[in-house]
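J.: In terms of our numbering, the sequence shown is residues -8 to 284.
Just so it is clear, CB atoms sit at the ideal spot from N, CA and C, and this is done for glycine as well.
Note that the structure is predicted; figures quoted are calculated from it, not measured.
Let me give you the structure first, and then I'll get to my questions.
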Amino acid sequence: MESSRAPSRRQVLLGAQLSGLRQVLAVRQGGSPEDLIRRGMATKEEDGKLKLAIEDYPYANDGLLVWDAIKEWASDYVEHYYPCMADIVDDEELQGWWTEVRTKGHEDKKDGPWWPQLDSHESLVQVQATIMWVTSAHHAAVNFGQYPFAGYFPNRPNIARRNMPSEMGVEGMDAFEEAPEKVLLDTFPSMHESILVLAIMNLLSSHSPDEEYMGTYQDPAWEENVKISKAFDKFKGGMMEIVAQINEWNKDRKRKNRHGAGVVPYVLLKPSDGDPMDEKMVTEMGIPNSISI
């Protein structure tokens, strides 16, 4: 993978640093609603509701449904096992875990004033929901569409082997005007680089045949607890409702960003992978319980 990117051998180092930064930003900005607000894609109204800058924004439309379901499930779980705020503050194992996340997992950012304190139901639910969101739905949205959207490499070349003609002076522009196709092909990645990247993207975009999707796996311990089992069943039902809603939106002619000529349906945040008998590995849909590549 390093050989197919401009930073070359520094790609892994940069990737690791950016990954750590993304994790910190996730905690600082919270889940889906806060991320949309930070990016200027939504504003919070006086009544607390979110108003999207672009109403027909599939990632936001679908993501907010998933986020709400995740947060409700986290809230039901936390309120059952921690009926009082003191239970959260006095849980040494829970507080020790959170201290390790801050001081060991992100040692260079451990003194940041924005780290939430686990001292209330609200803060614990927000942290848990954010972790679940980032490692499941958010990752599914950015990962499993790589091959479907970039598998035709001219649509998204991984590297440019030469500068743009306008950056190469008069000679560059003359060469482009004389033989534009040759200049374009010389700019594209080589055949070897393209095949390598396509193979990697296909692998990254593939679901495992035994993938466990959000809302489909219930821990045996949950089954033994009637209240938690019911809460999970509600969460599972919510995932099924989201699937139905996404299917409906993808058929809506008014939603031009997910329906119409030349527009592919948006299914990256569809919780289930569709037909259980479909043996294709690259389906674009399905939110695994955690990061899965």
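Ala170 by DSSP, collapsed to three states: which one?
T.: coil
J.: Between the alpha carbons of Thr274 and Tyr138, how many angstroms are there, rounded?
T.: 10 angstroms
J.: Given this structure, state the Cα-to-Cα distance separating Leu259 from Ile237, to the nearest angstrom.
T.: 10 angstroms
J.: For Val217, is the classification buried or exposed, using 16 other Cβ atoms within 10 angstroms of its Cβ as the cut-off for buried?
T.: exposed
J.: Could I get the ranges of all uninterrupted alpha helix (DSSP H) runs contained in the stretch 148 to 200, with 4 residues as the minimum, in chain order?
T.: 160 to 169, 171 to 178, 182 to 195
J.: What is the DSSP secondary structure of Leu115, reduced to helix, strand or coil?
T.: In the displayed model, Leu115 falls within a helix according to three-state DSSP.
J.: Give a yes or no on whether the C-beta atoms belonging to Leu43 and Leu27 are separated by under 9 angstroms.
T.: yes
J.: Between the C-alpha atoms of Gly277 and Met192, what's the straight-line distance to the nearest angstrom?
T.: 17 angstroms
J.: What number of angstroms, rounded off, separates the C-alpha of Trp64 from the C-alpha of Val254?
T.: 33 angstroms
J.: State the DSSP-derived secondary structure class of Asn138, mapped to helix, strand or coil.
T.: A quick correction: the sequence has Tyr, not Asn, at residue 138. DSSP places Tyr138 in helix when its eight states are reduced to three.
J.: Which runs of the alpha helix (DSSP H) at least 4 residues long sit entirely within the stretch 25 to 105? Give them in chain order.
T.: 49 to 72, 76 to 80, 83 to 91
J.: For Trp124 versus Ser23, is the C-beta spacing smaller than 9 angstroms?
T.: yes
J.: Suppose the cutoff is 7 angstroms on Cβ atoms and the five residues either side in sequence are ignored; what does the same chain contact list for Ala60 look like?
T.: Only Phe226, Gly229, Met230, Ile233 meet the Cβ criterion.
J.: May I ask you to verify whether the stretch 92 to 100 touches the stretch 34 to 52, counting CB pairs closer than 8 angstroms and requiring at least 3?
T.: no
J.: Can you tell me which of the three DSSP states Pro279 falls into?
T.: strand
J.: Measure the C-alpha to C-alpha separation of Arg285 and Pro256 and round it to an integer number of angstroms.
T.: Outside the displayed range of the chain (-8 to 284) lies residue 285, so it cannot be described from this structure.
J.: Would you give the residue range spanned by the alpha helix (DSSP H) that Gln236 belongs to?
T.: Gln236 -> alpha helix (DSSP H) spans 217 to 241.
J.: For Thr121, does the count of other Cβ atoms within 10 angstroms reach 16, so buried, or fall short, so exposed?
T.: buried
J.: Pick from Ala77, Trp58, Ile150: whose alpha carbon is nearest that of Ser181?
T.: Ile150
J.: Within the same chain, show all residues whose beta-carbon is closer than 6 angstroms to that of Ser283, passing over the 5 residues directly before and after it, in chain order.
T.: none
J.: Straight-line CA distance for Lys95 to Leu85?
T.: 15 angstroms
J.: Expressed to the nearest angstrom, what Euclidean distance is found between the alpha-carbon atoms of Pro267 and Phe179?
T.: Residue placement at Pro267 cannot be trusted, given a pLDDT of 46 that sits under 50; the coordinates are not used to answer.
J.: CB Pro279 to CB Met205, shorter than 9 angstroms?
T.: yes
J.: Thinking C-alpha only, which one of Ala77, Phe167, Gly87 is nearest Asn154?
T.: Phe167
J.: With a CB to CB cut of under 7 angstroms and the five nearest residues on each side skipped, what residues in its chain are close to Ala141?
T.: Arg147, Met192
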